[in-house]
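**Q** Got a structure here, written out as structure tokens. Questions coming.
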Amino acid sequence: MRMIKELEARSETDSDLLFQHIRLAGQPTIFIAFRSLIDLPATLNDLYQRAAWVADQPERGSLGEEITEPEEEALLALLLGGQALLWHENGNRFASLTPIAKSLSRSIESPTTENVLRGSISAFVEDIDTNIGLIRKHEPSGSLHTRDFRLGSSGQKRVSFLYKEGVIDAKLKESITQRLVQNAERDAGDLQQLASLLGFPRWTLVTKFNTSELPQEAETALNEGKAVLLLERMPFAIILPSLMWDMFAVQNDRNFPAIFMMLIRFLRMLAVLTNIIIPGLYVALVSVNPDVLRIEMALTIAKSRVDVPYPSLVETLLLLFILELTLEASIRLPKSIGPTVTMVGGIILGQAVVSAKLVSNLLIIILAATSISSSVVVGFQNSFSIRLFKYLLLVLSAMYGVIGLVAGLVVICAYLASVTSFGIPYLELYKPGRKSNG
Amino acid sequence: MVKNAQVISMYLLIHSGLIFFLYPADIIESTEVGHWIPILTGFAIHAAVMFVYLKGLRLADGQSVLDLFSSAGRTWSALLLAPVFVYLTMVLVITARAYSEIVNLLFLENTPLWATMALLLGVSAYVASLGIESIMRSGLLLFGLSLPFAVFVLATSFQNVDWHYLLPSIDRASASFSFLFGVPFLRSLFAFGGGFLFLGFIQPSLDYSHRRLLMSSLILLPLFLISVYVPLLTFGQNTSATFLFPFLMATDTVDVDYLIFERTTLFFMLSMFVFVLVFMAIVTWQTVRIATHFVNLPFKPAVMIWTCATFIACTKIEDWQQVERLLGWNTYFRLYAMFVIPAATLAIGIRYARKGDNTNEARAQ
Numbered sequence: 005m006r007m008i009k010e011l012e013a014r015s016e017t018d019s020d021l022l023f024q025h026i027r028l029a030g031q032p033t034i035f036i037a038f039r040s041l042i043d044l045p046a047t048l049n050d051l052y053q054r055a056a057w058v059a060d061q062p063e064r065g066s067l068g069e070e071i072t073e074p075e076e077e078a079l080l081a082l083l084l085g086g087q088a089l090l091w092h093e094n095g096n097r098f099a100s101l102t103p104i105a106k107s108l109s110r111s112i113e114s115p116t117t118e119n120v121l122r123g124s125i126s127a128f129v130e131d132i133d134t135n136i137g138l139i140r141k142h143e144p145s146g147s148l149h150t151r152d153f154r155l156g157s158s159g160q161k162r163v164s165f166l167y168k169e170g171v172i173d174a175k176l177k178e179s180i181t182q183r184l185v186q187n188a189e190r191d192a193g194d195l196q197q198l199a200s201l202l203g204f205p206r207w208t209l210v211t212k213f214n215t216s217e218l219p220q221e222a223e224t225a226l227n228e229g230k231a232v233l234l235l236e237r238m239p240f241a242i243i244l245p246s247l248m249w250d251m252f253a254v255q256n257d258r259n260f261p262a263i264f265m266m267l268i269r270f271l272r273m274l275a276v277l278t279n280i281i282i283p284g285l286y287v288a289l290v291s292v293n294p295d296v297l298r299i300e301m302a303l304t305i306a307k308s309r310v311d312v313p314y315p316s317l318v319e320t321l322l323l324l325f326i327l328e329l330t331l332e333a334s335i336r337l338p339k340s341i342g343p344t345v346t347m348v349g350g351i352i353l354g355q356a357v358v359s360a361k362l363v364s365n366l367l368i369i370i371l372a373a374t375s376i377s378s379s380v381v382v383g384f385q386n387s388f389s390i391r392l393f394k395y396l397l398l399v400l401s402a403m404y405g406v407i408g409l410v411a412g413l414v415v416i417c418a419y420l421a422s423v424t425s426f427g428i429p430y431l432e433l434y435k436p437g438r439k440s441n442g
Numbered sequence: 464m465v466k467n468a469q470v471i472s473m474y475l476l477i478h479s480g481l482i483f484f485l486y487p488a489d490i491i492e493s494t495e496v497g498h499w500i501p502i503l504t505g506f507a508i509h510a511a512v513m514f515v516y517l518k519g520l521r522l523a524d525g526q527s528v529l530d531l532f533s534s535a536g537r538t539w540s541a542l543l544l545a546p547v548f549v550y551l552t553m554v555l556v557i558t559a560r561a562y563s564e565i566v567n568l569l570f571l572e573n574t575p576l577w578a579t580m581a582l583l584l585g586v587s588a589y590v591a592s593l594g595i596e597s598i599m600r601s602g603l604l605l606f607g608l609s610l611p612f613a614v615f616v617l618a619t620s621f622q623n624v625d626w627h628y629l630l631p632s633i634d635r636a637s638a639s640f641s642f643l644f645g646v647p648f649l650r651s652l653f654a655f656g657g658g659f660l661f662l663g664f665i666q667p668s669l670d671y672s673h674r675r676l677l678m679s680s681l682i683l684l685p686l687f688l689i690s691v692y693v694p695l696l697t698f699g700q701n702t703s704a705t706f707l708f709p710f711l712m713a714t715d716t717v718d719v720d721y722l723i724f725e726r727t728t729l730f731f732m733l734s735m736f737v738f739v740l741v742f743m744a745i746v747t748w749q750t751v752r753i754a755t756h757f758v759n760l761p762f763k764p765a766v767m768i769w770t771c772a773t774f775i776a777c778t779k780i781e782d783w784q785q786v787e788r789l790l791g792w793n794t795y796f797r798l799y800a801m802f803v804i805p806a807a808t809l810a811i812g813i814r815y816a817r818k819g820d821n822t823n824e825a826r827a828q
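Protein chains in written order, with our numbering: chain A, 5 to 442; chain B, 464 to 828.
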């Protein structure tokens, strides 16, 4: 009796906590649940039918699961987990039962951050079980295993670890499981927390998680022997380890003829190089090494910069800054206002800034190439890295010209080469069952 | 872990970084006719020495040279490795100084020399501090990135070639190997000697197939021939003998219409610059590896300290004559590193293998 009073007191601060007095098979009973989490009419309807069915023949057992030693914390956890409680006035007994849940997830839709040209277009949603189901549909194999972990101080955040037995690297599986078990009390509300939970360094310039909204990508990753993590309320799969090759290849490429696939991937590599190199190259050629250009070319560039009042490094940084602003703004803005920014940005970056003699014509072309190529890589989380790397080259180019550019490339390559996750190098080409070489 | 591609590409990369600068001038100076004889002789020496070195390493069951030498006693290994340490240090100083000079000559007229040296040493120290596995991986990546440019330059470098300069192909002087003990030829061994020493240091972190590595050294042969013969065929012996960097001069004459760049030398220089940076990184790594083997020091600070020391040494060199003099002194250490170290590796390797057999037999009994 005391327990039910305590719960009832709670409903003052939790307005969606529902106490419904009902009679089940003639017995006075209180039905307790969070109204926001369950479908009330359907649940009650179902409950009456089951109660009548049980009442007919008592040997069919009781309604729900008996709770022998009720405690407020445990009861509340059950309720928050979406369960309903029954309190039988006769005998002061609690029982928990699974109600008909309200559907609080969107239906399966096409992906929002990854476009698919050819291939399955259903994407992950916020509901973790739906996501696991999607992967199982794609990979109906007995060797696909899912292990659930509860993370966080309240132990409520569910993480599913999916892998394919026999294909996954045993060491990888072992270290992921170990970390998830060891750090179970730590929160994993976002990917940074998850990264620190998995023991990744905090200051890294390369994303350690490859994420994808597409079940198809998750399936490919599983078959390659990678691990897939699904986080509750995250509409994407987290693929470990993330490798450089993921920047250039998606499974959907394989739905095109092989030669196109190779050309497309080659194009992506060129795009990354273009993005990293071109702004630095411009600065190097304009301010330090104009002599390496053909004389006609050098003159054209010099002519286009004749009225520009400051050094090319400042000019480039200025415009790159505006470009970064445009990129960031177009993420934030509602779709209806987005085109305005594009238009204003287009006018500023396109014509006005040149007519005002603030930057040279050529720089606009360079900038267009940079901004377009930064989005060619697969997975926008990868585009952050290359967006950042180009500034290193920019600074080194301003100091040392083309030599600085190349030295910067060496530094970037060395950095990429030094990144490993769970002992697997970032640069490795991951192939199941084959000794890697590269 | 077997990493053939990494080791082979590192091997090729290091040597191509060394071949194209000083080597052609030395070979052209060493004899007047029949340059292929000194090239082939040098290459044969290189292959033989490498064979001995690899043989010794194989007997040592994938130990590094450091561990292998230590098995013969600490004093012995210190005595054996001290000249290597000096040699590598000198190589580092010479390379940093010489390449800064070349870079400043070609690209950065207004930049002070110390700034260029700081860049070279800074980058190579960073790469070296990441450890051998990272060095090898970045080597492979950079090799892949710069290979197209290097191949392009090598292919176009034949533009102004006059094949008549191939003749005469031999004369009494070259056939009698009289160049063998001349200073230019010994100096040309700079391109062969020492570059392969890293093979003994990377085990046991990385394993590789010794046979494939030996096979891949054949790829170097055409590069050696091209580096000497392109300037020879472009300018002739008498003219090219006057150049400090004959191959660079030869590529400078190449004119490709569809490039926006004035000279293809740019691409060549840039890819060579990459190779040299990687070479310096691995030399730094080797030097510090030897040092930390004998003195108890954490690796990364040791790299820092060592790079600073090298930088100071580099700034003390005033002109090109001093670089050449240093290169001259370095010859003795180079000969030591080139002949004594592989021989010692083989000798200690054989001893080690025999001892291993004995213990195995003892265990079997």
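We put the beta carbon where it would ideally sit given N, CA and C, even for glycine.
1. Distance cutoff 9 Å, beta carbons only. Does Gly405(A) sit that close to anything in chain B?
2. Let me see if you follow: with CB-CB separation under 9 Å, is Leu662(B) close to chain A or not?
3. Considering His25(A), what are the terminal residues of the beta strand (DSSP E) in which it resides?
4. Does any C-beta atom of chain A lie closer than 9 Å to the C-beta of Gln828(B)?
5. Kindly say whether Gly408(A), judged by its beta-carbon, lies nearer than 9 Å to any beta-carbon of chain B.
6. List the residues of chain A that Leu604(B) touches, going by C-beta distances under 8 Å, in chain order.
7. Please confirm whether any heavy atom of the ligand NAD lies closer than 8 Å to the CB of Ser111(A).
8. Give, in chain order, every residue of the region 291 to 306 of chain A whose Cβ lies closer than 8 Å to some Cβ of chain B.
9. In whole angstroms, what is the alpha-carbon distance linking Pro261(A) and Val614(B)?
10. What residue from Trp91(A), Leu396(A), Leu79(A) has the CA that sits closest to Leu28(A)'s CA?
11. Considering only residues of the region 652 to 706 of chain B, which uninterrupted beta strand (DSSP E) runs meet the minimum length of 3 residues and lie entirely inside it, listed in chain order?
12. For a contact meaning CB atoms closer than 8 Å, what does Val414(A) contact in chain B?
13. Drop a sphere of 10 angstroms on the beta-carbon of Lys361(A), count the other beta-carbons inside from all chains shown, and report buried for 16 or more, exposed for fewer.
14. Please state whether DSSP places Tyr430(A) in a helix, a strand or coil.
15. Just the chain A side, please: which residues come within less than 7 Å of Ser620(B) by C-beta, in chain order?
16. Take Asn441(A) and list the residues in its own chain whose beta-carbon comes closer than 8 Å to its own, dropping the five residues that flank it on each side.
17. Quick one: give me the first and last residue of the beta strand (DSSP E) that Ile723(B) is part of.
18. Count the other CB atoms within 10 Å of the CB of His25(A); is the residue buried (16 or more) or exposed (fewer)?
19. If you draw a straight line from the C-alpha of Lys439(A) to the C-alpha of Ala275(A), how long is it?
20. Which residue's Cα is closest to the Cα of Val646(B): Ile490(B), Phe483(B), Ile482(B)?
21. Anything in the region 722 to 736 of chain B with a Cβ closer than 8 Å to a Cβ of chain A? List those residues in chain order, please.
22. Under a CB-based cut-off of 9 Å, is Leu331(A) close to chain B?
23. In chain C, which residues lie less than 7 Å from Phe570(B) when you measure between Cβ atoms?
24. What's the gap between the Cα of Leu555(B) and the Cα of Cys417(A)?
25. Could you tell me the boundaries of the beta strand (DSSP E) in which Glu70(A) lies?
26. DSSP three-state label for Tyr314(A), please.
27. With distances taken Cα to Cα, identify the nearest neighbour of Phe483(B) among Ile502(B), Phe642(B), Leu729(B), Ala654(B).
28. I want to see whether chain A comes within less than 9 Å of Ser597(B), judged by CB atoms only; does it?
29. Thinking just about the alpha-carbon of each residue, which of Pro103(A), Asn365(A), Glu130(A) is nearest to the one in Leu84(A)?
30. Using a C-beta to C-beta distance shorter than 9 Å, which residues of chain B count as neighbours of Ala411(A)?
31. For the putative contact between Phe38(A) and Leu11(A), defined by C-beta atoms under 8 Å, what is the C-beta separation to the nearest angstrom?
32. From the beta carbon of Leu274(A), is the nearest beta carbon of chain B less than 9 Å away?
33. Would you mind sorting Cys771(B) into buried or exposed? The rule is 16 or more other CB atoms within 10 Å of its CB.
34. What's the C-alpha gap between Ala578(B) and Val566(B)?
35. Return the chain-ordered list of same chain residues with a C-beta closer than 6 Å to the C-beta of Gly437(A), the five sequence neighbours on each side being excluded.
**A** According to the structure shown:
1. With 9 Å as the cut-off, Gly405(A) counts as an interface residue toward chain B.
2. Not an interface residue.
3. Segment 21 to 28, the beta strand (DSSP E) holding His25(A).
4. Below a pLDDT of 50, predicted positions are generally treated as unreliable, and Gln828(B), at 49, falls in that range; the measurement from the model is reported next regardless. So, not an interface residue.
5. Judged by the 9 Å Cβ criterion, Gly408(A) is in contact with chain B.
6. By Cβ distance, chain A contributes Cys417, Leu420, Ala421, Leu431.
7. The ligand NAD is absent from the structure shown, which contains no ligand whatsoever.
8. For the region 291 to 306 of chain A, which is checked against every Cβ of chain B, the residues closer than 8 Å are Val292, Asn293, Asp295, Val296, Leu297, Arg298, Ile299, Met301.
9. Their Cα atoms are separated by approximately 29 Å.
10. Ranking the options by Cα distance to Leu28(A), first place goes to Trp91(A).
11. Entirely contained in the region 652 to 706 of chain B, not one beta strand (DSSP E) run reaches 3 residues.
12. Below the 8 Å Cβ cutoff, chain B contributes Val586, Val590, Ser601, Leu605, Val737, Leu740, Val741 as neighbours of Val414(A), in chain order.
13. Lys361(A) is exposed by the Cβ-count criterion.
14. Tyr430(A): coil per DSSP, three-state reduction.
15. Chain A residues near Ser620(B): none, gap ~17 Å exceeds 7 Å.
16. The pLDDT assigned to Asn441(A) is 35, lower than 50, so where the model puts this residue is not dependable; a value taken from the coordinates is nonetheless given after this. The residues are Leu433.
17. Counting along the chain, Ile723(B) sits inside no beta strand (DSSP E), nor does DSSP assign it H or E at all.
18. Result: exposed.
19. Confidence at Lys439(A) is low in this model, with a pLDDT of 39, below 50, so its placement is unreliable and the value that follows should be read with caution. Straight through space, the alpha carbons of Ala275(A) and Lys439(A) are spaced by roughly 29 Å.
20. Of the listed residues, the one whose Cα sits closest to Val646(B) is Ile490(B).
21. Legend: CB atoms of the region 722 to 736 of chain B lying less than 8 Å from CB atoms of chain A belong to residues Leu722, Ile723, Phe724, Glu725, Arg726, Leu729, Leu733, Phe736.
22. So no, Leu331(A) is outside the interface.
23. In the structure shown, chain C cannot be found, because the protein chains are A and B.
24. Cα-Cα distance, rounded: 22 Å.
25. If you look at Glu70(A), you'll find it in the beta strand (DSSP E) that goes 69 to 71.
26. For Tyr314(A), the three-state secondary structure derived from DSSP is coil.
27. For Phe483(B), the closest of Ile502(B), Phe642(B), Leu729(B), Ala654(B) by C-alpha to C-alpha distance is Ala654(B).
28. Residue-level contact by beta carbon holds for Ser597(B) and chain A, with a gap shorter than 9 Å.
29. Taking only the C-alpha atoms, the option nearest Leu84(A) is Pro103(A).
30. Close partners of Ala411(A) in chain B (Cβ separation under 9 Å): Leu582, Leu583, Gly585, Val586, Phe736, Val737, Leu740.
31. Wrong, their Cβ atoms sit about 12 Å apart, outside the cutoff.
32. Contact of Leu274(A) with chain B is not assigned, every C-beta pair being separated by 9 Å or more.
33. With fewer than 16 Cβ atoms within 10 Å of its Cβ, Cys771(B) is classed as exposed.
34. If I take the Cα positions, the gap works out to 11 Å.
35. Residue confidence for Gly437(A) is low, a pLDDT of 44 falling below 50, so the modelled location carries little weight and cannot support an answer.
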